[in-house]
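Report on the following structure.
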Amino acid sequence: MNVCTTWRKICKDPRKWLTIDMCDVSVYGELPSPYPMDKLCRKAIDLSCGNLVNISVHNFGSDDLLKHITDRGIKKLCIVYSDISNSGPIEAAPKLPLLEDLEISYCNYRLDIPPFNSFHCIQLRCRNHDSLTCGHARYLEVIGRCYPRLKSLKLNKYNNHNTRWDLDGWDGDAFAIAGTMQGLQHLQLFRNRLTSKGLRAILDACPLLESLDLY
Numbered sequence: 238m239n240v241c242t243t244w245r246k247i248c249k250d251p252r253k254w255l256t257i258d259m260c261d262v263s264v265y266g267e268l269p270s271p272y273p274m275d276k277l278c279r280k281a282i283d284l285s286c287g288n289l290v291n292i293s294v295h296n297f298g299s300d301d302l303l304k305h306i307t308d309r310g311i312k313k314l315c316i317v318y319s320d321i322s323n324s325g326p327i328e329a330a331p332k333l334p335l336l337e338d339l340e341i342s343y344c345n346y347r348l349d350i351p352p353f354n355s356f357h358c359i360q361l362r363c364r365n366h367d368s369l370t371c372g373h374a375r376y377l378e379v380i381g382r383c384y385p386r387l388k389s390l391k392l393n394k395y396n397n398h399n400t401r402w403d404l405d406g407w408d409g410d411a412f413a414i415a416g417t418m419q420g421l422q423h424l425q426l427f428r429n430r431l432t433s434k435g436l437r438a439i440l441d442a443c444p445l446l447e448s449l450d451l452y
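Now the structure itself:
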């Protein structure tokens, strides 16, 4: 794309890329998207030269894009309607120890599948733990341990998983939050099958909680 000299100089200043907020609006009218959104987002991340603080992506995104986000100074990560898998957020977690605000909404991942032993193990090194084996622990617990400064969490899901845990209720997410995210101030859980027991666990373990949004 051709731009004027002044605008080109402005775009090369890393301080102009502290916040990246990108949305592929084309997917509302047609699929697949005609725009290389992942590629454009990677370019924007590169232009920040390590100064990126906030990043939000809507209607696109992949595990490879998450791997490209290596700025340890990032404080906010928002992923909505993306093709990320279970392993994507887990592998990115150790790279973002300063993260304070996390949203993962309406993606293809499953953080709530109880039989975790069916997954291959992933060894991680987090800030407060030498190593964690995800194959035998809840994914959300790993995220909580890798983000000791997390203050806001939005974890919203599709309502299209017809499993026994969807019907009977399941408190895996709630117990993971209660066990590893005691510093939360804001929590949003949509389409989450937590029970009153799970809710009580969160309320008891998160004394700083100011807002709780459940649906």
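In our numbering, the protein residues as written are 238 to 452.
Every residue gets a Cβ at the ideal spot worked out from N, C-alpha and C, and that includes glycine.
1. Between the Cα of serine 322 and those of Ile316, Asp300, Leu339, spot the shortest distance and give me the residue it belongs to.
2. Just to confirm, is the Cβ distance from valine 317 to tyrosine 343 under 8 Å?
3. In the DSSP assignment, what residue or residues form a beta bridge with glutamine 425?
4. What is the DSSP secondary structure of cysteine 344, counted as helix, strand or coil?
5. Assuming leucine 392 contacts isoleucine 341 (C-beta within less than 8 Å), just tell me the rounded distance between them.
6. Please report the distance separating the alpha-carbon of proline 351 from that of threonine 432.
7. For tryptophan 244, does the count of other Cβ atoms within 10 angstroms reach 16, so buried, or fall short, so exposed?
8. Would leucine 277 pass as a contact of proline 251 if the rule is Cβ separation under 8 Å?
9. Can you find the residues in the same chain that come closer than 6 Å, C-beta to C-beta, to glycine 287, ignoring five residues on each side of it along the sequence?
10. Does the ligand NAD have a heavy atom nearer than 7 Å to the CB of isoleucine 247?
11. Assign asparagine 429 to one of two classes, buried (16 or more other C-beta atoms within 10 Å of its C-beta) or exposed (fewer than that).
Judging by the given coordinates:
1. By 1-based counting over the sequence shown, the position of residue 322 is 85. Here the closest residue by C-alpha is Asp300.
2. In the sequence shown, counting from the first residue as 1, residue 317 sits at position 80. In the sequence shown, counting from the first residue as 1, residue 343 sits at position 106. Yes, the pair counts as a contact, with Cβ atoms nearer than the cut-off.
3. The count along the sequence shown starts at 1 and reaches residue 425 at position 188. Answer by DSSP bridge pairing, in chain order: Lys391, Asp450.
4. Here residue 344 refers to the residue found at position 107 of the sequence shown. Of the three classes helix, strand and coil, the one that applies to cysteine 344 here is coil, per DSSP.
5. As a working mapping, residue 392 is identified with position 155 in the sequence shown. As a working mapping, residue 341 is identified with position 104 in the sequence shown. Leucine 392 to isoleucine 341, Cβ: 6 Å. Contact.
6. Numbered from its first residue, the sequence shown carries residue 351 at position 114. Numbered from its first residue, the sequence shown carries residue 432 at position 195. Unreliable positioning characterises proline 351 in this predicted model, as indicated by a pLDDT of 44, which lies under 50. A coordinate reading is not provided.
7. One-based indexing of the sequence shown puts residue 244 at position 7. Label assigned to tryptophan 244: exposed.
8. Here residue 277 is taken as the residue at index 40 of the sequence shown, counted from 1. Here residue 251 is taken as the residue at index 14 of the sequence shown, counted from 1. Not closer than 8 Å, so no.
9. In the sequence shown, residue 287 corresponds to position 50, counting from 1. If we look at glycine 287 and ignore the five residues flanking it on each side, its Cβ neighbours are Asp308.
10. Ligands are entirely absent from the displayed structure, and the ligand NAD is therefore not among its contents.
11. Here residue 429 refers to the residue found at position 192 of the sequence shown. Classification for asparagine 429: buried.
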